[in-house]
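*Asks:* Protein chains in written order, with this note's numbering: chain A, 119 to 871; chain B, 519 to 725; chain C, 171 to 601.
The structure is given below, and queries will be raised subsequently.
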Amino acid sequence: MADEKKIAAYICRGCELGARLDTDQLANIAQREGKARVVQQHDFLCSEEGVQLIRNDIDNEGVTHAVVAACSRRAKTAAFSLEDVAVIRTNLREGVIWAQPDSEENREITQEMADDYVRMGCAEARFVTRPAANSEAGSSKIILVVGGGISGMTAAQEISKAGYSVILVEKQGQLGGWAGRLWKRTPGKEPFADPEDTKIAQMVQSIEEDDRISVHLNATVGRTSGAPGQFSVDISTASGSTVTENAGAIIQASGFENFDASQLPEMGFGKSPNVVDQAGLELLAKEADGKRIKRPSDGKEVESVVFVQCAGQRSDKEGELSYCSGHCCNTSIKQAMYFKDANPEIETAIIYNDLRTPGNGEDFYRNAQRKRVTFTKGEVSSVETGGSDLEVRFKDLILDEVTSLSADLVVLATGQVPNSGVDVEAELEAETAENDGNQAGSKQEESLSVSVAVESILNLDYRQGADLPHLQHGFSDSHFICFPYESRRTGIYACGPVRRPMDIAQATEDATGAALKAIQAAENAALGRAAHPRSGDLSFPSFRKEGCTQCKRCTVECPFGAINEDDAGYPLFNEGRCRRCGTCMGSCPVRVISFENYSIDTVGQQLKSVDVPDEFEEKPRILVLACENDAYPALDMAARNGNHYSAYVRVIPVRCLGSVNDIWVKDALNCGYDGIVLMGCKKGDDYQCHFVKGSEMAHYRMSKIDDTLQQLQLEAERVSTLEVEITDIRRAPQLLNDFVDQINEIGLSPFRF
Amino acid sequence: MGSTNTAKVDRYKNNFLKEVEENVEEGDWVRMCMQCGVCAGSCPLGPHWDHPPQEIFMMIRAGKRDEVLASDSMWMCTSCYNCIVRCPRELPITHIMHGLANYAHRLGVAHQENPTRRFAQMFWNNVTKTGRANELKISLGLYFMDGFMNGIKKSLAMKKIGIGMFMTGRLDPFGLVQGRGCKGSGDIDKMLKKAFEIEDHRKGYNS
Amino acid sequence: MAEVVATNETIVVVGGGISGMTAALEAAECGKDVVLIEKNPSLGGRVAQLYKYFPKLCRPTCGQEINQRRLKVNPRIKVLTMAEVEAVSGQAGDYSITVNQSPRFVNEKCTACGACSSAVTSEIANPFDYNLSKTKAAYLPFDMAYPQQYVIDPSIVGTEEGEKAKAACSVGAIDLEMEAETINLKAGAIIWATGWKPYDAGNIQPYGYDRFLNVVTSVEFERMMDPKGPTAGKLVRPSDGAEAKSIAFIQCAGSRDRNHLTHCSRICCMATLKQTTYLTEQFGEQSEAEATIYYIDIRAIDRFEEFYNRVQEDEKVSFVKSKVAYIAEDKASGNPILHGVDTEGYNRYAAEHDLVVLAIGMEPSVDINALTSEISTDASGFIQLDEENGAFFGAGCSTNPLDVNRAVQSATAAALRAIQVVNQISRAEAA
């Protein structure tokens, strides 16, 4: 491979690099050790002339690989984004001279650091290929929308408005979902005063008339296979027929079910027909059609109604919802207005604990008070159904007394339960536990009970299960605050209450956003480009089948379910689903998985190229594999702030700690490194790893490396996995310095030669 | 007015909030309270009340008619307006409190012992008699409100001020036997009568 | 300065906070051309000034790093900083925008080496720290600033200090002759992501923000936790630098109040719950530090309830259902004394604390109607989604007080709405 390559090294002397370092020596190293066939120095490499210098070599000398030994890859990115060639950034500024004090006694070790980074850059260049996009990318731009409620309908309409075609699948016999069953909705516009028409009928009509939207009613998704740009979807109808459609991306708008109010016997639901939930009240209001609402038991016009907020919600009781459903305060206010608007004399009371009407909801709340809806801060203990009237018992929290209200009708504001299908992670855990000989015990039982009798929404033909992975409480949400549309199944986006409890206004906004992401996924899949967070990355994993042992680690550990297994148990890569994190590469015990620009060799050869001094020099060498998302920027910014760290460390950025393969650690130990540090993001429930499980995986794998260390008769302390945050501009250097101190205490590695 | 009271109770069928809205000055603002309590904390006399305004409003909503009307709270308001200025819902709290006091008084169920109320009654009786306040009678009436010995003590304590007022002609020593009146006191009676009529009509007492 | 090519298929995004960045990136990653206009010298907006996010307590700059990386590799986005929109005319599919760009006095050659900053001694109030600290007059606004380019404050231009900065720059990046420029842009659609600003706490007279040193706002409190912030990451009182171990948080400071902002600002309850965790972080689990939250309703909406529960379990945090009536100051100690009534059961308090944090409300940062009168807004000035607005779309906190997650959703939705317009144009032109 090296034959076609022509590596050039460009060494910048700007930003004090020339003053602090012997750049002639660096040039020499690039030429002799790094095998760079063109080596140039420049006083200001990122300037127009500097970049032109590189450009000329590409055009005239046939340079294919440019090693830019200058500043961090995070600086001057646009200037050094050269088309046609592979660019390797060697970080001499933030990584060397800014990380070291400018003193005479440090000069030598600072130079050694720079020497090594040039060696590493050239070594990487020898094994990197500029990626060409996957030629087998699918090009379908049709978007499948699963769920025909307000979220799904909004998504379908917005996609169509952008000029794309939509397949809309709804399991019921008509579109509309829960929103279609509402008498009115909470207001979405100034003055936020009165219930508004849902406009669902108009929406349904315009969808039916839309040429770009094809609707499948009484239909479910029987099977989904493929990848963004080339999903193949079996749509089964109630009649038993199945059609197969292609789709570029998928939106899951499968909504919610109402919490089962019969689980609240103390609230009288089921005991009296006059205790209803909010959905039940909507039915009564629809029947009343603007006239007086009648109570179910005897058809008497309701004269008094009590709304019980947070029924079965915000609760720590078994079987009830611990979260708040967000919309219910406004919904009760709206429903109380149904009564007041029909007849102001009807007594309406809302018993709440915290009234949650964010944003303009405050206007709605005020207007309800204006309409004489009574608000009482209290905790309802029970609804007595014995007498002709219902009796709502509660503690008035303001007047600090236990009291009661009688009413013709009681409305329970129960919450939303996501309709999110199978809990794939629980299933996978159970499977793993089974394979591991049932050690997981109680956790497994717990997860099994969750997944029983749940119908899948998407029926994904994925190794990792049939649906989107769940977050807490079964919602299919993104885990990331900055990236609400981050999805762990590439090209499949959840929106609406399936991902988080929400009202119509939010669901509409959410669905519009999801529509964009679906379009974007289909567009980029066609170009072979990665989706977030490595947006635009053209590389994708390839694997050497002959070496594969069918161990399944890559298929199980891929955070995005990108890898299936074929009948023989070999991994089947779905490039379109891949997010290029490299977790599969990190997991592979036989190292058969690689990317064109990121492989066992691109990192392995870097670490091997470092000049490890002989044991008499007493200069330890520490390898730091730093996550490029947070740890590497933290070290960059530390250096910018003058927070120095040991000149004995050699930092290699990695895509994610999940991509770190054991072999790098073993190779490093064999090469005589005295210690190895993996620096990545936070793991655990509030993980900050951009690739979900990378940090977790690294910790797990490194816990197993102890055996290797024992075999080599090395101390376990020589390998450390650290969690840092991007803001750790003081802590990250300190951690490295502490580690070097620790290594000095243990003593240098016996493996130096 | 006891019979009025009973009639009201019947008419509003335990809906005290509605009764307040229809009979108490600015009473229709009571529903707008969101129970933040800023009024309660803002009142300089707050520590001396049974119930702060926001609690009174909640009691009204909870139908605690007797307790509210017999409360001394609304008699304690000194019209400093702190509560109105700070109320996030712009409730005219001062006015509502006075309105409640007035309403309770009219119904004859107002707090009996509250000195503010008693003084207010005394002042009213005094000023409507001749159309002019008789300072001496009011002062003595106030001082001797709680018994003879207390009256002597209070009068002695206020001696200096009394003498000062007398020296500057602000206190008529003969007022005790015969205070100064004003011209056409009959017209004052007429005016007051008309005012009562208007108010009764506006608040529906005649119906 | 830089050439900006924009056509009626270009999407102009105004505001470079997280919403604007998101809208720009999402549109560009769909293959659209975007011009992103930011009035400050760097992108990042208010999110960059936050110490941590709720409910994960993670770092806002973590996501910003990803967004910047997306930006750096995307040639479809042109970023204009220190630029403000002066006028907008036209209609959907054909807007003309006049942009004023202030001089940075530093050009693209800047390598962010920091030599100019080292060379000057003049200091200016640091807007990144809400002017609570000072920064050099030649400065990089913050560590994560993008573009990674220094700024020369106009106050030293034409002075010896300015010349010193210029002399220190070895790459000729400092141009003291730089002048304000007017840039005219075409656009098919405009995304207005101008965000929010904290309500002016001085208006809330009873809380004495303008009189008492130890009354601060929640946004200032965020800056105090930053190791590079005005108090070097220490929770200390402005009056005497003593550790603030008893902190009162006052909710609805300006919000839900007809005297100030009539809307609920949505995020403040969660922000306060988050900020109570800073006490433990700062003083440790075993410390006597305590937080008291004075509230009307705790609005920990939807799954945030979980976080509320977690904070409730913290014995060092107590909750008082009360809107504080007023704050007095103990002259000797400088301690704020909070007066009010706990409405749950009626308990009067006069509570002395070391520091008061006002959970300040959010209002739109720009009065859009001052720029163009045809935009439909709500009573608080937030932009509504309205067909009458043509292809002028609000995104993020210009549309409502939103948390980051919802703001990004809103921005993503806005990007699609803009794409719908420019796609229609390109389809029409293709036909």
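A virtual CB, placed ideally from N, CA and C, is assigned to each residue, including glycine.
Determine the direct distance from the alpha carbon of residue 638 (chain A) to that of residue 281 (chain A), and round the result to whole angstroms.
*Replies:* As a position in the first sequence, residue 281 (chain A) is number 163, starting the count at 1. As a position in the first sequence, residue 638 (chain A) is number 520, starting the count at 1. Roughly 13 Å between the two C-alpha positions.
*Asks:* Quick test of the definition: if touching needs 3 or more C-beta pairs under 8 Å, does the segment 652-662 of chain A touch the segment 211-225 of chain C?
*Replies:* At 8 Å Cβ cutoff, the stretches do not touch.
*Asks:* Taking the C-alpha atoms as reference points, what is the distance between residue 838 (chain A) and residue 441 (chain C)?
*Replies:* In the first sequence, residue 838 (chain A) corresponds to position 720, counting from 1. In the third sequence, residue 441 (chain C) corresponds to position 271, counting from 1. If you take the alpha carbons of residue 838 (chain A) and residue 441 (chain C), they lie about 35 Å apart.
*Asks:* Taking 9 Å as the CB-CB cut-off, is residue 565 (chain B) touching chain C?
*Replies:* The sequence position of residue 565 (chain B) within the second sequence is 47, counting from 1. Yes - at least one Cβ of chain C is within 9 Å of the one on residue 565 (chain B).
*Asks:* Please report the distance separating the alpha-carbon of residue 151 (chain A) from that of residue 574 (chain A).
*Replies:* Along the first sequence, read from residue 1 onward, the residue named residue 151 (chain A) stands at position 33. Along the first sequence, read from residue 1 onward, the residue named residue 574 (chain A) stands at position 456. Straight-line Cα distance between these residues: approximately 57 Å.
*Asks:* Is it buried or exposed, residue 566 (chain B), if we count other Cβ atoms within 10 angstroms and call 16 or more buried?
*Replies:* Position 48 of the second sequence holds residue 566 (chain B). That one is exposed.
*Asks:* I'd like to know if the segment 683-694 of chain A and the segment 218-226 of chain A are in contact, where contact means that at least 3 CB-CB pairs between them fall below 8 Å.
*Replies:* Not touching, per the Cβ criterion.
*Asks:* For residue 324 (chain A), which residues from the same chain have a beta carbon less than 8 Å from its beta carbon, with the 5 sequence-adjacent residues on both sides left out?
*Replies:* Here residue 324 (chain A) refers to the residue found at position 206 when the first sequence is read from its first residue. Cβ neighbours of residue 324 (chain A) beyond the five flanking positions: 275.
*Asks:* Since I believe residue 770 (chain A) is in contact with residue 709 (chain A) (beta carbons under 8 Å), could you give me their beta-carbon distance rounded to a whole number of angstroms?
*Replies:* Locating residue 709 (chain A) in the first sequence gives position 591, where the first residue counts as 1. Locating residue 770 (chain A) in the first sequence gives position 652, where the first residue counts as 1. The pair is not a contact, with the Cβ atoms about 17 Å apart (cut-off 8 Å).
*Asks:* Say whether chain A places a C-beta atom closer than 9 Å to the C-beta of residue 286 (chain C).
*Replies:* Against the third sequence, residue 286 (chain C) aligns to sequence position 116. Chain A contact via Cβ: absent.
*Asks:* Hey, could you find the ends of the beta strand (DSSP E) residue 356 (chain C) is sitting in?
*Replies:* For the purposes of this step, residue 356 (chain C) is identified with residue 186 of the third sequence, where counting begins at 1. Taken as a continuous stretch (DSSP letters only), the beta strand (DSSP E) holding residue 356 (chain C) covers 351-357.
*Asks:* Note down, one range per segment and in chain order, each beta strand (DSSP E) of at least 3 residues found wholly within the segment 134-192 of chain A.
*Replies:* Listed in chain order, they are 156-160, 183-188.
*Asks:* Residue 457 (chain A) CB to nearest chain B CB: under 9 Å?
*Replies:* For the purposes of this step, residue 457 (chain A) is taken as residue 339 along the first sequence, with counting starting at 1. Cβ-Cβ to chain B under 9 Å: no for residue 457 (chain A).
*Asks:* Identify whether residue 562 (chain A) lies in helix, strand or coil by the three-state DSSP scheme.
*Replies:* Stepping through the first sequence from its first residue, residue 562 (chain A) is reached at position 444. Reliability fails at residue 562 (chain A), whose pLDDT of 41 lies under 50, so the model's placement of it is uncertain and no value is given.
*Asks:* The beta strand (DSSP E) spanning residue 271 (chain C) covers which residue range?
*Replies:* Start at 1 with the first residue of the third sequence, and residue 271 (chain C) comes out as number 101. Note, residue 271 (chain C): beta strand (DSSP E), 264-271.
*Asks:* I'd like to know whether the C-beta of residue 780 (chain B) is nearer than 9 Å to at least one C-beta of chain A.
*Replies:* Residue 780 (chain B) falls outside the range modelled here, since chain B spans only 519 to 725, and no answer is possible.
*Asks:* What is the rounded straight-line gap between the Cα of residue 235 (chain C) and the Cα of residue 747 (chain A)?
*Replies:* As a first step, residue 235 (chain C) is located in the third sequence; it is residue number 65 there, counting from the start. As a first step, residue 747 (chain A) is located in the first sequence; it is residue number 629 there, counting from the start. Going from the Cα of residue 235 (chain C) to the Cα of residue 747 (chain A) covers about 7 Å.
*Asks:* Between residue 861 (chain A) and residue 636 (chain A), which are expected to be in contact by the criterion C-beta below 8 Å, what is the C-beta distance as a whole number of angstroms?
*Replies:* Against the first sequence, residue 861 (chain A) aligns to sequence position 743. Against the first sequence, residue 636 (chain A) aligns to sequence position 518. Residue 861 (chain A) to residue 636 (chain A), Cβ: 50 Å. No contact.
*Asks:* Please go through the same chain and pick out, in chain order, the residues whose beta-carbon is closer than 7 Å to the beta-carbon of residue 266 (chain C), but skip the five residues on each side of it.
*Replies:* Here residue 266 (chain C) corresponds to residue number 96 of the third sequence, with the count starting at 1. These residues qualify, in order along the chain: 259, 260, 354, 356.
*Asks:* State yes or no: is the beta carbon of residue 530 (chain B) nearer than 9 Å to at least one beta carbon in chain A?
*Replies:* The sequence position of residue 530 (chain B) within the second sequence is 12, counting from 1. Output row for residue 530 (chain B): interface = no.
*Asks:* Check the Cβ of residue 492 (chain A) against every Cβ in chain B and list those closer than 8 Å, keeping chain order.
*Replies:* In the first sequence, residue 492 (chain A) corresponds to position 374, counting from 1. Those within 8 Å of residue 492 (chain A) in chain B are 535, 549, 579.
*Asks:* Taking the CB atoms as reference points, tell me whether residue 576 (chain A) and residue 614 (chain A) lie closer together than 9 Å.
*Replies:* Within the first sequence, residue 576 (chain A) is the residue found at index 458, counting from 1. Within the first sequence, residue 614 (chain A) is the residue found at index 496, counting from 1. Cβ atoms of residue 576 (chain A) and residue 614 (chain A): not closer than 9 Å.
*Asks:* For a test of the three-state rule: what should DSSP assign to residue 213 (chain A), helix, strand or coil?
*Replies:* Counted from its first residue, the first sequence places residue 213 (chain A) at position 95. Helix.
*Asks:* Between the alpha carbons of residue 596 (chain B) and residue 491 (chain C), how many angstroms are there, rounded?
*Replies:* As a working note, residue 596 (chain B) is residue 78 in the second sequence. As a working note, residue 491 (chain C) is residue 321 in the third sequence. Rounded to the nearest angstrom, the two C-alpha atoms are 26 Å apart.
*Asks:* Which one of B:673, B:690, B:667, B:612 has the shortest CA to CA distance from residue 558 (chain B)?
*Replies:* For the purposes of this step, residue 558 (chain B) is taken as residue 40 along the second sequence, with counting starting at 1. Selected option, being the one with the closest Cα: B:612.
*Asks:* Looking at the C-beta of residue 592 (chain B), does it have a partner C-beta in chain A at a distance below 9 Å?
*Replies:* Mapped onto the second sequence, residue 592 (chain B) falls at position 74. So, not an interface residue.
*Asks:* Would you decide whether residue 818 (chain A) is buried or exposed? Buried here means 16 or more other CB atoms lie within 10 Å of its CB.
*Replies:* To locate residue 818 (chain A), count along the first sequence from 1; it is residue 700. By the 10 Å Cβ count, residue 818 (chain A) comes out exposed.
*Asks:* Cα separation between residue 381 (chain A) and residue 453 (chain A)?
*Replies:* Indexing the first sequence from 1 puts residue 381 (chain A) at position 263. Indexing the first sequence from 1 puts residue 453 (chain A) at position 335. Cα-Cα distance, rounded: 23 Å.
*Asks:* Which complete alpha helix (DSSP H) runs does the segment 542-623 of chain B hold, if anything under 4 residues is left out?
*Replies:* Counting only runs of 4 or more, we get 556-560, 571-579, 583-587, 600-604.
*Asks:* Whose CA, out of C:211, C:290, C:245, C:317, lies closest to the CA of residue 297 (chain C)?
*Replies:* For the purposes of this step, residue 297 (chain C) is taken as residue 127 along the third sequence, with counting starting at 1. It is C:211.
*Asks:* Around the Cβ of residue 700 (chain B), are there at least 16 other Cβ atoms within 10 angstroms (buried) or fewer (exposed)?
*Replies:* In the second sequence, counting from the first residue as 1, residue 700 (chain B) sits at position 182. Exposed, by the Cβ-count rule.
*Asks:* Listed from N- to C-terminal order along the chain, which residues in the segment 470-502 of chain A have their beta-carbon within a distance smaller than 9 Å of any beta-carbon of chain C?
*Replies:* The segment 470-502 of chain A vs chain C, Cβ under 9 Å: 470, 471, 472, 473, 474, 475, 476, 477, 478, 479, 480, 481, 483, 484, 495.
*Asks:* Rounding to the nearest angstrom, what Cα-Cα distance links residue 184 (chain C) and residue 245 (chain C) in this structure?
*Replies:* Counting from 1 along the third sequence, the entry for residue 184 (chain C) is found at position 14. Counting from 1 along the third sequence, the entry for residue 245 (chain C) is found at position 75. Cα to Cα, the separation comes out at about 18 Å.
*Asks:* Any idea if residue 162 (chain A) is buried or exposed, counting beta-carbon neighbours within 10 angstroms, 16 or more meaning buried?
*Replies:* Position 44 of the first sequence, counting from 1, holds the residue named residue 162 (chain A). With 16 or more Cβ atoms within 10 Å of its Cβ, residue 162 (chain A) is classed as buried.
*Asks:* Using a Cβ-Cβ cut-off of less than 8 Å, give me the residues of the segment 449-475 of chain C that come near chain B, in sequence order.
*Replies:* If the cut-off is 8 Å between Cβ atoms, the segment 449-475 of chain C has 466 near chain B.
*Asks:* Going along the chain, which residues of the segment 298-318 of chain A sit with their C-beta nearer than 9 Å to a C-beta in chain B?
*Replies:* Correct list: empty, as no residue qualifies.
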